[in-house]
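K.L.:
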Ligand SMILES: C[S@@+](CC[C@H](N)C(=O)[O-])C[C@H]1O[C@@H](n2cnc3c(N)ncnc32)[C@H](O)[C@@H]1O
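In the numbering used here, the protein residues as written are 10 to 231.
1. I think residue 51 touches residue 78, with their Cβ atoms under 8 Å apart; what is that distance to the nearest whole Å?
2. Given this structure, state the Cα-to-Cα distance separating residue 159 from residue 54, to the nearest angstrom.
3. By DSSP's criteria, residue 104 is part of a beta bridge. Which residues make up the other side?
4. Just to confirm, is the Cβ distance from residue 172 to residue 102 under 7 Å?
5. Within 6 Å: the Cβ of residue 141 and any heavy atom of ligand 1?
6. When the Cα of residue 156 is compared with those of 36, 112, 72, 57, which residue comes out closest?
7. With respect to the beta strand (DSSP E) encompassing residue 162, which residues constitute its N-terminal and C-terminal limits?
8. Ordered along the chain, which non-local residues of its own chain (more than five positions away) have a Cβ less than 7 Å from that of residue 18?
9. Tell me the rounded alpha-carbon separation between residue 124 and residue 138.
10. Using 6 Å as the cut-off, classify the Cβ of residue 183 as near or not near the heavy atoms of ligand 1, replying yes or no.
11. Is residue 93 near ligand 1, going by C-beta to nearest heavy atom under 6 Å?
12. Could you tell me the distance, in whole angstroms, from the CA atom of residue 150 to the CA atom of residue 200?
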């Protein structure tokens, strides 16, 4: 598949859309049908990886939205300290407010920033997660490089986005979501694999899942 030239305006378009959506975002049906399964997949993967050791770890959630996954992780037995990052300040504001209302809020913090310029020192985190956000990034390779940079050696990147390499995925993500959201790009699995390779990830693996729509998890070790 030939890569389209992705316009830089994708970023501001996404930020404006999510700024406007922040207050009602959690009530959207998309949460149940598209996003919730991603959080379950992340939790399963993190349990399988960190569950037995019981050691605390630090996780960065890029494009965290209103922080629903972050709250689920903070409330789980896994001892994670979580930083959520989102380009839309209002999404961070909602996430912060939700965190403050729980007893696990002390494990969570939020930063409004661009995934392409992560405001953290090299090797700051043990894990980076990113769900349902990657298709908004015009410079996807740069973002994967940034994620790799902030991971400690042995740390993991877990990236989930819509799987567009079958007919249902193509129709859902390229045709319908592409028409509604405009200026988004759901990369084919092979392209995501190449991003990971070029950023220096090893033991790259994929997990395709189907709930209401097909999704793809890609995992790499730093
Ligand atoms: C569909 S929401 C997904 C939120 C959450 N990860 C989930 O799975 O429910 C996409 C999020 O990505 C954020 N986003 C878009 N472009 C971004 C960028 N360049 N840097 C960081 N976040 C970005 C949006 O503001 C939005 O909150």
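Beta carbons: idealized from backbone N, C-alpha and C, even for Gly.
P.N.:
On the basis of the coordinates in this document:
1. Working through the chain shown from its first residue, we reach residue 51 at position 42. Working through the chain shown from its first residue, we reach residue 78 at position 69. Correct: roughly 6 Å between the Cβ atoms.
2. The residue given as residue 159 occupies position 150 in the chain shown. The residue given as residue 54 occupies position 45 in the chain shown. If you take the alpha carbons of residue 159 and residue 54, they lie about 20 Å apart.
3. Position 95 of the chain shown holds residue 104. Bridge partners of residue 104: none, in fact.
4. Working through the chain shown from its first residue, we reach residue 172 at position 163. Working through the chain shown from its first residue, we reach residue 102 at position 93. No.
5. Here the question's residue 141 lines up with position 132 in the chain shown. Result yes, Cβ under 6 Å from ligand 1.
6. As a working note, residue 156 is residue 147 in the chain shown. Ranking the options by Cα distance to residue 156, first place goes to 72.
7. Sequence index remark: in the chain shown, residue 162 carries index 153 (1-based). Start and end: 160-171.
8. By 1-based counting over the chain shown, the position of residue 18 is 9. Once the five neighbours on either side are set aside, the close Cβ partners of residue 18 are 192.
9. For this step, residue 124 is matched to residue 115 along the chain shown. For this step, residue 138 is matched to residue 129 along the chain shown. In a straight line, the C-alpha of residue 124 is about 12 Å away from that of residue 138.
10. In the chain shown, counting from the first residue as 1, residue 183 sits at position 174. No, the beta carbon of residue 183 sits no closer than 6 Å to any heavy atom of ligand 1.
11. Taking the chain shown and counting its residues from 1, the one referred to as residue 93 is at position 84. Every heavy atom of ligand 1 is 6 Å or more from the Cβ of residue 93, so no.
12. Residue numbering aside, residue 150 sits at position 141 when the chain shown is read from its first letter. Residue numbering aside, residue 200 sits at position 191 when the chain shown is read from its first letter. The alpha-carbon atoms of residue 150 and residue 200 are separated by roughly 9 Å.
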